[in-house]
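Notes follow the structure.
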Amino acid sequence: MRRATTGVILLLLVLAGCASSQRPEGLVERWLLSLNQGAAGTPDRYGGQAAVDAANAVLPDWRTRDPGALDRVQVGSAAPDRGAAVAQSVPFRIETMDGEVITGAAIVHPCPSGGGWCVEGAGTGGVESTSDWTWPAGAHGWAWVCAVLATVVLALIAVVIVSVVRKTAANPGSAAAT
Amino acid sequence: VSERDDRYRRKLLFLLSSATFFEGYDTFALPFVLSLVLVDLGASERAAGVVRAVTAIGTVVAFFLAARADRVGRKRLLLVTIVGYTIATAATAASPGLIWLTVAQFLAQVFLGAEWAVAITIVVEEFPREHRGRALGIVTSMNTLGAIFVGVLAAIGLQDLTSLGWRAFFLVGLVPLLLVARGRRSMFETERYEAVRGDDRSERLDHASLLEAWKPAYRATVLAVGLVTFFRFFVVSAGAFWWPYFAQQEVGMSVSLSGLYLAAAGLLGAAGFLVAGRMMDRFGRKPVFLVYMAGALVFGTWTFQVHDTGLMLPVLCAGIFFGLGSVAMTSAFSTEPFPTYVRSRAAAWCRNAFEVLGGVLGALTVGILGDHVSGPVGSIGDAMSLVTIAMLPAAMVVCWLFVPETNAEDMAAMDEAVLVG
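Chains as they are written, first to last, in this note's numbering: chain A, 540 to 717; chain B, 13 to 433.
Spelled out as structure tokens, the structure:
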């Protein structure tokens with residue numbers, strides 16, 4: 540049981556070590572998805588008034604659209620914004636239920652509060668993504684090794700637990716003695 | 013006994029299938045009409061999350077109701093759950109506000125969760141062993157067809173056909189009451205339950221304690237089957253929950269195309285239940301389960317790595333075929349190894365405790381790992397594939413080593429051994 544607990548703790552430590560800093564692509568995606576909620580949308584959560592102004596620049600009528608009016612919302616890989624030191628430019632592509640396609644780029648910068656990225660501005664047109672609009676982030680090679688190790692650990696823990704329960708069930712006296 | 017002929021079993025199968033059909037229907041009805049509900053009742057997305065969490069708890073609470081089948085009988089509990097579900101779904105349709113709707117949906121999930129468990133128990137006890145697998149395959153496949161039916165009704169615009177809007181989806185849930193009205197007089201208590209309860213020697217058996225399934229004779233099997241269902245549903249539930257998001261946000265499929273793919277794959281994948289049912293009667297529960305898990309491992313992992321919309325459909329079909337179809341075997345694992353007097357409680361532990369827990373943790377784990385902003389993996393597709401690789405082999409190992417083969421299990425002999433011993 541002690542070995543199993545040690546294995547679980549090690550696994551959690553490895554997973555915690557995998558944690559990365561915030562991705563600007565993820566923030567821009569959420570900001571765009573918030574425009575798909577109609578009047579209930581809250582783009583201000585992703586950068587205050589600057590994020591609302593950026594939303595108005597991309598979709599001026601986002602407040603009056605029906606929820607779910609955007610059929611596809613895709614983002615590409617972030618890149619430094621024209622040599623700026625910290626700001627990143629994230630390309631995006633929106634397809635509405637009516638078939639209208641809007642492409643553009645959102646500019647994000649580290650939030651003044653220090654809690655990740657904030658949307659600073661956005662513009663439409665003239666943007667091409669290098670990722671063919673598939674999600675740009677993913678697991679590193681060692682994560683697959685972690686998954687294989689995890690299945691070995693899980694299987695071992697399960698086998699040990701069921702074996703112990705089986706043994707005590709077959710011989711209840713020994714369980715009471717221990 | 014002579015009245016329990018093939019004709020009776022066909023009628024019984026129809027009644028039980030309708031119960032599992034509406035379990036699948038109701039589980040997907042609320043997510044499908046959620047946006048309409050929020051607008052109509054003036055609620056926020058955050059409130060919708062609370063509704064989802066509270067109704068999910070209903071499936072766990074169903075454990076206590078499902079376990080009652082060993083005390084009050086299978087027939088009575090099945091009828092109670094169907095009537096209870098019908099009242100709850102009617103109350104949902106009449107909801108004046110979100111709190112009412114939440115309570116009504118919570119109760120609906122309690123009754124549906126128990127209804128599923130008792131339906132599986134009745135199949136195992138009423139069908140001869142050479143047909144048990146096939147019957148389990150049919151009854152469990154109805155769950156998926158019920159879910160697809162919601163999509164079909166949405167596609168034909170049920171919400172716009174009447175002035176009832178989203179409420180019309182829940183009025184469809186009143187249909188089971190009509191089936192009960194027709195079927196309750198002609199339905200019998202199961203033969204095995206009657207035989208055990210009618211035997212004087214069963215007086216000394218504990219028909220009520222929830223912990224009876226954990227006594228030494230059964231606890232290793234309950235634990236082994238529970239772990240298998242936990243690992244399996246950890247992956248299957250997460251896959252079902254996250255696939256639409258993965259398809260739309262990571263592959264770039266439109267909402268409408270991903271919905272069409274899911275309906276088509278679900279329909280084709282439902283064949284997985286029926287094939288599993290026939291195969292497990294012929295080759296045994298364990299070998300077929302291991303084959304299905306190997307298929308789910310390969311195609312489940314692959315599904316969340318595909319970024320080509322043309323390739324997605326066949327791979328998704330295969331993933332659903334093996335992933336969802338394997339529930340026919342886990343239903344057998346959680347009922348067949350146990351004697352009649354404790355069967356419903358053992359099944360309730362395996363399904364409502366282990367499986368539901370796996371379902372909740374699976375979706376949560378993939379969400380945390382694959383979160384696009386701060387997740388360690390940063391991709392739902394990769395997180396889902398990693399979880400599939402981590403969980404399904406563990407399910408296979410536990411099944412292979414510890415779950416008993418019950419293909420040739422004689423229920424009457426098992427009950428007699430318990431009554432004598």
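A virtual CB, placed ideally from N, CA and C, is assigned to each residue, including glycine.
What you are looking at is a predicted structure, and each value in this text was computed from that prediction instead of being measured.
- Between alanine 147 (chain B) and chain A, the shortest Cβ-Cβ separation is not below 8 Å.
- For aspartate 610 (chain A), the secondary structure class from DSSP, reduced to helix, strand or coil, is strand.
- Taking one beta carbon from each stretch, the segment 396-406 of chain B and the segment 236-255 of chain B have 3 or more pairs nearer than 8 Å; the two touch.
- For arginine 632 (chain A), the enclosing beta strand (DSSP E) begins and ends at 627-635.
- Here the alpha carbon of phenylalanine 253 (chain B) sits roughly 7 Å from the alpha carbon of alanine 375 (chain B).
- Valine 647 (chain A) sits close to valine 567 (chain A), with the two beta carbons spaced by under 8 Å.
- Residue state for cysteine 650 (chain A) is assigned as coil, using DSSP reduced to three classes.
- Interface flag for proline 619 (chain A) against chain B is unset, since no Cβ pair is found closer than 8 Å.
- In this structure, the CA atom of glycine 85 (chain B) is about 11 Å from the CA atom of valine 92 (chain B).
- The beta carbon of glutamate 137 (chain B) sits closer than 6 Å to those of Thr202 and Arg204, all from its chain and outside the five residues before and after it, given in chain order.
- Rounded to whole angstroms, the gap between the alpha carbons of glycine 615 (chain A) and tryptophan 681 (chain A) is 24 Å.
- Exclusion of the five residues before and after tryptophan 226 (chain B) leaves Val234 as the residues of its chain whose Cβ lies within less than 7 Å of its Cβ.
- The beta carbons of glycine 296 (chain B) and alanine 330 (chain B) sit no closer together than 8 Å.
- With respect to alanine 79 (chain B), leucine 190 (chain B) sits apart: the two C-beta atoms are not nearer than 8 Å.
- With a threshold of 8 Å between beta carbons, methionine 426 (chain B) makes no contact with chain A.
- Here proline 582 (chain A) is buried: its Cβ has 16 or more other Cβ atoms, across all protein chains shown, within 10 Å.
- With distances taken between CA atoms, valine 187 (chain B) lies nearest to B:Tyr97 out of B:Lys87, B:Tyr97 and B:Leu239.
- Straight-line spacing of the CA atoms in valine 339 (chain B) and alanine 578 (chain A) works out to 42 Å.
- Within the segment 61-102 of chain B, the runs of alpha helix (DSSP H) at least 4 residues long that lie entirely inside it are, in chain order, 81-84.
- By the rule that beta-carbons nearer than 8 Å mark a contact, glutamate 262 (chain B) touches chain A.
- A Cβ of chain B is located within less than 8 Å of the beta carbon of tryptophan 674 (chain A).
- Excluding five sequence positions before and after glycine 643 (chain A), the CB atoms of its chain that fall closer than 7 Å to its own CB belong to Val597, Phe631, Ala661, Gly662, Thr663, Gly664 and Val666, given in chain order.
- Residues of the segment 227-239 of chain B with a Cβ closer than 8 Å to any Cβ of chain A, in chain order: Pro228, Ala229, Arg231, Ala232, Leu235, Ala236 and Leu239.
- The beta carbon of leucine 176 (chain B) sits closer than 8 Å to the beta carbons of Ala105 and Leu183 from its chain, once the five residues preceding and following it are set aside; these are given in chain order.
- 8 Å or more divides the Cβ of arginine 290 (chain B) from the Cβ of glycine 125 (chain B).
- When rounded, the separation of the alpha-carbon atoms in proline 351 (chain B) and threonine 152 (chain B) is 22 Å.
- According to DSSP, residue pairing for proline 619 (chain A) in a beta bridge involves A:Gln627.
- Remark: C-beta atoms of glutamine 561 (chain A) and tryptophan 656 (chain A) approach each other more closely than 8 Å.
- Along the length of the segment 346-393 of chain B, whole alpha helix (DSSP H) runs at least 4 residues long occupy 352-360 and 368-382, reported in chain order.
- Measuring C-alpha to C-alpha distances from alanine 277 (chain B) to each of B:Gln117, B:Phe334 and B:Ser29 identifies B:Phe334 as the nearest.
- The beta-carbon of proline 188 (chain B) is placed no less than 8 Å from the nearest beta-carbon of chain A.
- Our two residues, valine 640 (chain A) and leucine 157 (chain B), have alpha carbons roughly 35 Å apart in a direct line.
- Within the segment 561-577 of chain A, Gln561, Arg562, Glu564, Gly565, Leu566, Glu568, Arg569 and Gln576 place their CB atoms closer than 8 Å to a CB of chain B, listed in sequence order.
- Minimum Cα-Cα distance from methionine 426 (chain B) among the listed residues B:Glu262, B:Pro388 and B:Val354 corresponds to B:Val354.
- Of the candidates B:Ala116, B:Lys23, B:Arg363 and B:Asp38, the residue whose Cα lies closest to the Cα of alanine 74 (chain B) is B:Arg363.
- Judged by DSSP secondary structure, glutamate 659 (chain A) falls within the beta strand (DSSP E) whose first and last residues are 656-663.
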